[in-house]
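Sequential numbering of the sequence shown, starting at 1, is according to the UniProt record's numbering.
We treat Cβ as the ideally placed atom computed from N, Cα and C, and that holds for glycine.
Small disclaimer: the values here were computed from a predicted structure and weren't measured.
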Amino acid sequence: MTALLDIDQLLTELESGLREVLDERGVKAPVLIGIRTGGVWLADALSKRLGLDEPFGELDISFYRDDFSRIGLNPRVKPSSLPFDTEGRDIILIDDVIMSGRTIRAAMNEIFDYGRPASIILATLIDLGARELPIQPDVVGRTLALESHQRVKLRGPDPLHIELQEAGR
1 MTALLDIDQL LTELESGLRE VLDERGVKAP VLIGIRTGGV WLADALSKRL
51 GLDEPFGELD ISFYRDDFSR IGLNPRVKPS SLPFDTEGRD IILIDDVIMS
101 GRTIRAAMNE IFDYGRPASI ILATLIDLGA RELPIQPDVV GRTLALESHQ
151 RVKLRGPDPL HIELQEAGR
């Protein structure tokens, strides 16, 4: 495993991109929701950087996955926590890595079960492409192209860092 990319630089890219999108869309009071686990760590960091007063939410999408019946339940499943009403709110949904788009679809399904937001802005630290669904982030820290034997993993929460893993090597 090797360390990959400067996390502070990527967080600065996300913060800057989010401020730009929020300004373009006239969003004044967004709420953050992080997808467990890495997205929650990022939501914590970005909440501080953006100076948001409201606590951020945490989603565990385990029950919303479209492969739930095939992979079963992760033994570390915790209930989601949204300490605010999602109805009519502008939400920034945060995940560490986007690849197929399936995790984001599951997260949006869960959010809509809580209420209908005014908008959802998607921010991801790393975009690996390889979409299976037409879901694209609004803000990305970095786009990477990996070899088939490589994986990228956000580790944390303290300190946050990104690792490039070599599968089967």
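In this structure, does DSSP put residue i in helix, strand or coil?
i: Q136; result: coil
i: E147; result: coil
i: R116; result: coil
i: V27; result: coil
i: F68; result: Low per-residue confidence applies at F68: pLDDT is 47, beneath 50, and the placement is therefore not dependable, though the value from the model is reported in the following sentence. The answer is helix: DSSP assigns F68 an H, G or I state.
Should residue i be labelled buried (16 or more other beta-carbon atoms within 10 Å of its own) or exposed?
i: G34; result: buried
i: S16; result: exposed
i: S119; result: exposed
i: S69; result: Annotation note: pLDDT 49 at S69 (below 50); position unreliable, coordinate value reported separately. Burial call: exposed.
Could you give the distance in angstroms between the alpha-carbon of residue i and the alpha-carbon of residue j?
i: M108; j: T86; result: 11 Å
i: L46; j: E147; result: 29 Å
i: R105; j: P137; result: 12 Å
i: D158; j: L10; result: 16 Å
i: D60; j: S80; result: 5 Å
i: L133; j: L154; result: 23 Å
Quick check: residue i and residue j, are their CB atoms within less than 8 Å of each other?
i: T151; j: A167; result: For the record, residue 151 in the displayed sequence is Arg; it is not Thr. Contact flag set, yes.
i: I91; j: V31; result: yes
i: E13; j: V40; result: no
i: L22; j: I94; result: no
i: residue 172; j: I121; result: Summary: the structure shown does not reach residue 172, with the chain confined to residues 1 through 169, and so no result is reported for it.
Residues in its own chain within less than 7 Å of residue i by CB, not counting five upstream and five downstream?
i: I7; result: L160, H161, I162
Which residues in the same chain as residue i place their Cβ atom closer than 6 Å to its Cβ, once the five residues preceding and following it in sequence are excluded?
i: L82; result: G57, Y114
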